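Oh and the sequence shown: position 38 is 141 in my numbering, straight run, nothing missing.
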Amino acid sequence: MATPDLTIRGGGIFGLAVAWAAVRRGAKVRLIERARIGAGSSGGVVGALSPHVPEQWNEKKAFQFESLAMGAEWWAAVAEASGLPTGYDRLGRFQPLADARAVDHARARAEEARTLWQGRFSWEVVPAGGDFMPESPTGLVIHDTLTARLNPRLAVPALVEAIRAKGGEILIGEAEEAGPVVWATGVAGLEALSQDLGKPVGNGVKGQAMVVALDARDRPQVFGPGLLIVPHADGTTAVGSTAEKDWTEPDTTDAQLDEVHARAVALCPWLEGAPVLTRWAGLRPRARSLAPMLGAWPGRPGQYVANGGFKIGFGMAPKVGEVMAALVLEGRDEIPESFRVEASLKKKAKAEE
């Protein structure tokens, strides 16, 4: 290809999202991945695209809402350009309610959702019961219609082919950079940034998840305490995940995943006996601010950062891609202050106070 307009380092969801947004603007893009596409947490199996609670609104929740809202159109464009499925669908989510206090809070949040979600999506308390619903001590669950799902192992290859179809270049190994460089290199990138700036800006948190052979493809996903159950379009169901700050092996599964599975079966007895097809473990990049880390790399002109997706990387990806492409290619800065690298350089990040 001709000399790139920009180079992207990293073939995870943030790097691919920035590349896709850039090629759709007509830019010449070179994406360089050192190991393999989806080598980090973007090679996982869960694929839940879920909102935060609709209350105490802030710029992170607003950004996430906008990204989730644009997801259907964004992923449809990926599927059209690539000719490949992504597993995307907006089928909503059920959350069991433990007691009367939880029910009252959920109903109050329904009122907030009507305003904050702009009347486009709902958050309602409804009766539990029926196929593929969770057990609920109160007989009630939250049903929201904003939550969506995709299959990471379909979505990532589809993004690769969509980028190539628009003329983007994707290289594995080492290659020459040209133009501004966006570093979307996950946990390794957080470590490099911390070393360069002399302060820790984030770390890797291990997650473990599995896929079982149970076909609930047309049903909403289920969210419980520390637990996601996500039916996929291919007739499988993902169950996850752990959040391990202390670990020794980043890519192996153990009894902690078995415990997650047991809790999932207790919450959703219809999972009982479903054969386990795949077990996965990997590190998710977590910024100290707990928000995605976007924008200029301090002290390095022409260098940018797109990192820190943690548990919400796929849900944030459409908006992350658009704002980073606008910044790098057009000089238009729409990045929230709490998302900037500097937000994770404060003496005490909010997440640690």
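C-beta: ideal position from N, C-alpha, C; glycine also.
All values reported here derive from a predicted model rather than from experimental measurement.
Of the residues 333, 312, 327 and 314, the one whose Cα lies closest to the Cα of residue 321 is 333. Of the residues assessed, residue 404 falls on the exposed side of the cut-off, its CB having fewer than 16 other CB atoms within 10 angstroms. Across the structure, residue 394 and residue 161 are spaced so that their CA atoms are roughly 11 Å apart. Here residue 418 has 152, 153, 167, 170 and 171 as same chain residues with Cβ atoms under 7 Å from its own Cβ, once five neighbours each way along the sequence are excluded. When rounded, the separation of the alpha-carbon atoms in residue 315 and residue 108 is 43 Å. Your pair residue 287 and residue 118 checks out as a contact, with CB atoms roughly 3 Å apart and the cut at 8 Å. In the displayed model, residue 176 falls within a helix according to three-state DSSP.
Residue 409: member of the beta strand (DSSP E) spanning 406–410, first to last residue.
Membership of residue 117 in the alpha helix (DSSP H) is indicated by the continuous run 116–127. Taking a cut-off of 8 Å for Cβ pairs, the segment 341–348 and the segment 303–312 touch, as three or more such pairs fall below it.
One thing to note: residue 380 has its Cβ no nearer than 8 Å to the Cβ of residue 325. Within the same chain, no residue comes within 6 Å of residue 218 by CB-CB distance, once the 5 residues on both sides are set aside. A contact between stretches requires three or more CB pairs, one per stretch, nearer than 8 Å, and the segment 116–134 meets this requirement with the segment 266–281. In the three-state reduction of the DSSP assignment, residue 255 falls in the helix class, which pools H, G and I. With respect to the 8 Å criterion, residue 396 and residue 121 are not classified as neighbours on the basis of their beta carbons. The C-beta distance from residue 262 to residue 181 rounds to 6 Å, short enough to meet the 8 Å contact threshold. As for any alpha helix (DSSP H) of minimum length 4 sitting wholly inside the segment 385–449, the runs are 416–433, ordered along the chain. A direct Cα-Cα distance of roughly 28 Å separates residue 226 from residue 147.
The beta strand (DSSP E) runs lying completely inside the segment 221–271 and spanning 3 residues or more are 226–230 and 243–247, given in chain order. Following the DSSP letters along the chain, one finds residue 363 inside the alpha helix (DSSP H) bounded by residues 358–370. Cβ-Cβ distances below 6 Å link residue 303 to 297 in the same chain, with the five nearest sequence neighbours on each side left out; the list follows chain order. For residue 209, the uninterrupted alpha helix (DSSP H) segment begins and ends at 203–219.
Residue 148 sits in coil when the DSSP states are folded into three classes, being neither helix nor strand.
Counting C-beta atoms within 10 angstroms of its own C-beta, residue 323 has 16 or more neighbours from the protein chains shown and is therefore classed as buried. One Cα belongs to residue 220, the other to residue 185, and the distance between them is close to 31 Å.
It is roughly 26 Å from the alpha-carbon of residue 144 to the alpha-carbon of residue 449.
In the structure shown, residue 200 falls within a coil segment according to DSSP collapsed to helix, strand and coil.
Residue 341: member of the beta strand (DSSP E) spanning 340–343, first to last residue.
Classified as buried, residue 228 has 16 or more neighbouring CB atoms from the shown chains inside 10 Å of its CB. In terms of Cβ geometry, residue 335 and residue 252 form a close pair [threshold 8 Å].
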